[in-house]
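Take a look at the structure set out below.
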Amino acid sequence: MVSRFAARVYVLTSEVPRGKVTTYGAIAARMGKPGASRAVGAALRANPTPIVVPCHRVVKQDGELGGYGGPTGTGRKAALLRKEGVAVRGGRVDLSEYLFTWR
DNA sequence: GGAACGGCTAAGG
DNA sequence: GCCTTAGCCGTTC
0 MVSRFAARVY VLTSEVPRGK VTTYGAIAAR MGKPGASRAV GAALRANPTP
50 IVVPCHRVVK QDGELGGYGG PTGTGRKAAL LRKEGVAVRG GRVDLSEYLF
100 TWR
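Residue numbering for the first sequence is 0 to 102, as defined by numbering that gives the first Met the number 0.
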């Protein structure tokens with residue numbers, strides 16, 4: 000059973016198209032709680048469907064990949080994003096090009 | 001039911 | 001420019 004908040008996070012995350020990324024803050028703001036960036040992270044951390052929910056498309060506000068399960072997860076995330084067409088360099092993403100928002 | 005933790009963010013030092 | 005402090009919110013123990 001997933002919380003309503005988490006469910007919304009998953010939906011928004013899955014809304015992000017391939018080759019684009021979003022930020023925790025953006026998701027939080029989108030759900031009406033701009034300060035719930037950590038909560039978003041918590042929800043994604045509890046992500047019950049990692050395949051359906053592309054949690055790897057969520058990065059920090061700074062463009063940094065942030066975390067992903069463990070220290071090695073970040074590397075995996077970068078590789079994954081690259082596969083999707085996102086240029087990850089130095090463990091970071093160019094938000095000015097790949098940042099996706101819901102308006 | 002309550003305390004601690006975390007995949008954050010922004011502001012100070 | 002890097003590290004510390006404070007705030008915010010949901011999940012987990």
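Using N, Cα and C, we set each Cβ at its ideal position, and we do this for glycine too.
Backbone CA spacing between residue i and residue j [nearest angstrom]
| i | j | result |
| --- | --- | --- |
| A35 | D61 | 16 Å |
| R29 | K76 | 23 Å |
| L64 | V92 | 7 Å |
| G84 | P16 | 11 Å |
| G24 | G31 | 11 Å |
| V39 | G89 | 24 Å |
Contact under 8 Å by Cβ, residue i with residue j
| i | j | result |
| --- | --- | --- |
| T12 | F99 | no |
| R56 | K19 | yes |
The alpha helix (DSSP H) enclosing residue i, as first and last residue numbers
| i | result |
| --- | --- |
| S13 | R3 to E14 |
| G104 | With the chain represented from 0 up to 102, any question about residue 104 goes unanswered, as that position is not in the structure. |
| V39 | S36 to R44 |
In DSSP terms, what residue i is bridged to
| i | result |
| --- | --- |
| T22 | V58 |
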